[in-house]
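Residues 771 to 949 (my numbering) make up the sequence shown, in order.
For every residue, glycine included, the Cβ atom is placed at its ideal position computed from N, Cα and C.
Notes for the one structure printed next.
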Amino acid sequence: EEVEDLEKGGINVIQIDEAALREGLPLRKSEQSFYLDWAVRSFRITNCGVRDTTQIHTHMCYSHIDDIIPLIFDMDADVITIENAHSDEKLLSVFHEGVNYGAGIIPGVYDIHSLIIPSAEEIADRTIKMLTTNILWFNPKFVFKTRDHTGVKRALKIMVLAAELLRTELAHARKEKYE
């Protein structure tokens, strides 16, 4: 009901916490399949009453997702945020290696806890290597409470520049492809 209440309040992008695919997973192998089915169904139930125009986001903070990709698909979220700032892009390589994921993907492109802020070019280069960009969104690694507003604002501006850089590169590549 909470998700529907948010929608009724005029919110058209709602993030629902991850389905605890790893955190609640039973240790007994014989119980895992039931649990995973239950977790995905529970996630879907939380948003089954929203309009198609309401975008459902979720996030995953896992270091290994290869074996749960079908479950992520089954969750049927419109956009998934995946913590990636610490994984050296290995976490998202599964999406670049031929997995046909039609929803949006937001990789954590910058660790907000780091004192080193990557350049827009570094973010763009790392990102284009890991994902097909037609489904790409940008997002820092989630938590802002440990940084001052000046550092956060600077990092967010760089992320916007990286997104603009990628869009320009893509537009140029598409133009060359069709000329």
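- Just measuring C-alpha positions, the residue of Ala933, Ile781 and Cys831 sitting nearest glutamine 825 is Ile781.
- For proline 877, the uninterrupted beta strand (DSSP E) run begins and ends at 874-881, by DSSP.
- Histidine 919 and proline 877 have their C-alpha atoms roughly 22 Å apart.
- Counted as a single uninterrupted DSSP element, the alpha helix (DSSP H) harbouring isoleucine 842 occupies residues 839-845.
- Every beta strand (DSSP E) of 3 residues or more that sits fully in the stretch 776-809 is shown, in chain order, as 783-786.
- A straight line joining the alpha-carbon of proline 796 with that of glutamate 774 spans about 30 Å.
- Annotation: the continuous beta strand (DSSP E) that includes isoleucine 850 extends over 849-852.
- Its Cα nearest to that of histidine 883, the residue Ala925 stands out among Ala925, Ile850 and Glu793.
- When the five nearest sequence neighbours on each side are left out, the beta carbons in the same chain lying within less than 8 Å of the beta carbon of aspartate 787 are those of Thr828 and His829, in order along the chain.
- Distance from the Cα of arginine 814 is smallest, within the candidate group Arg792, Asp844 and Leu791, for Asp844.
- Here glutamate 777 has Val820 and Thr824 as same chain residues with Cβ atoms under 6 Å from its own Cβ, once five neighbours each way along the sequence are excluded.
- In this structure, Glu892 is the residue among Gly921, Val922, Glu892 and Lys923 with its C-alpha nearest to the C-alpha of alanine 933.
- Rounded to the nearest angstrom, the gap between the Cα atoms of leucine 885 and valine 922 is 10 Å.
- A distance below 6 Å between beta-carbons, with the five flanking residues on each side excluded, links threonine 816 to the following residues of its chain, in chain order: Val773 and Ile786.
- Rounded to whole angstroms, isoleucine 842 and isoleucine 887 show a C-alpha spacing of 30 Å.
- Remark: C-beta atoms of alanine 873 and aspartate 836 do not approach each other more closely than 8 Å.
- Per DSSP, reduced to three states, the secondary structure at threonine 816 is helical.
- Rounded to whole angstroms, the gap between the alpha carbons of arginine 798 and tyrosine 805 is 11 Å.
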